[in-house]
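> One rule links them: number in our numbering = place in the sequence shown (from 1) + 3.
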Amino acid sequence: DLTANTSWVLGLLFGDGSIHNNGRVQIACGPDLDVCEKVEAILESKATIYNVRNCWHVEVFSKPMSRSLLALGVHSAKTYTMLMPAIDRTLVNNMVRGAIESDGCIRRHNGSLSIEYDSASCAFANSMSVAIGLMTGQCARVHIRQRPPPRATMYRICYRGVNANKVAEWLY
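Here's what the structure looks like:
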């Protein structure tokens, strides 16, 4: 069952996670060991935490968890095809926060708040933008970021100023 905390982990998985046929679920947490430790505590499982080239990872082997994630749309080739999962609307903010904390940023830009999220999945970026808009009234256009090959085209959602403040209030 999804809770506020496991919805946040789901967002991390959509951003920087992977799922494998053998039941391995992995999240790359960048330089943030504390994020890996928080995921381990939330999942209440025997997770392995390790570092590869200054990037912390948390990994769990669980076929039941893997099956549950597949039902929510987290699959092994999700990068370009993932969609916003159908979860309880009271948990969407936690899932979106996890996604932004993995593949986005929240910062001050020229003195005002800026929230950005990048995805290689156009459908996910669009569905996330719609979900945020429905929950906050703050709509954002999805911008296409062309990158030179072999890197993927990215789709960016961006909120600035008052719009970002309203989204941040909903996220936190």
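Yeah, the Cβ is synthetic: ideal placement off N, Cα and C, and Gly gets one too. Since the model is a prediction, treat every value here as computed from it, not as a measurement.
1) Determine the contact status of ILE22 and SER79, defining contact as a CB-CB distance below 8 Å.
2) Buried or exposed: GLY164, going by 16 or more other Cβ atoms within 10 Å of its Cβ?
3) Just the Cα atoms here: how many angstroms apart are SER65 and HIS146?
4) Helix or strand or just coil, what does DSSP make of GLY26?
5) THR82 by DSSP, collapsed to three states: which one?
6) Give the range of the beta strand (DSSP E) segment to which VAL61 is assigned.
7) Report all residues from its chain with a CB closer than 6 Å to the CB of ASP121; omit the five preceding and five following residues, and keep chain order.
8) Would THR9 be called buried (16 or more neighbouring beta carbons within 10 Å of its own) or exposed?
9) In the DSSP assignment, what are the bridge partners of SER21?
10) What is the DSSP secondary structure of SER132, reduced to helix, strand or coil?
11) Can you tell me the Cα-Cα spacing of ILE52 and ARG150, whole angstroms?
Looking at the coordinates:
1) Yes, Cβ-Cβ distance for ILE22 and SER79 is below 8 Å.
2) In the assembly as shown, GLY164 is an exposed residue. Its beta-carbon has fewer than 16 other beta-carbons within 10 Å.
3) Here the alpha carbons of HIS146 and SER65 stand approximately 36 Å from one another.
4) Three-state result, GLY26: coil.
5) THR82: helix per DSSP, three-state reduction.
6) Looking at the DSSP string, the run of the beta strand (DSSP E) that includes VAL61 is 58 to 64.
7) Only ASP106, MET157 and ARG159 meet the Cβ criterion.
8) So THR9 ends up on the buried side.
9) Bridge pairing for SER21: GLN29 [DSSP].
10) The answer is helix: DSSP assigns SER132 an H, G or I state.
11) Between ILE52 and ARG150, the C-alpha separation is close to 32 Å.
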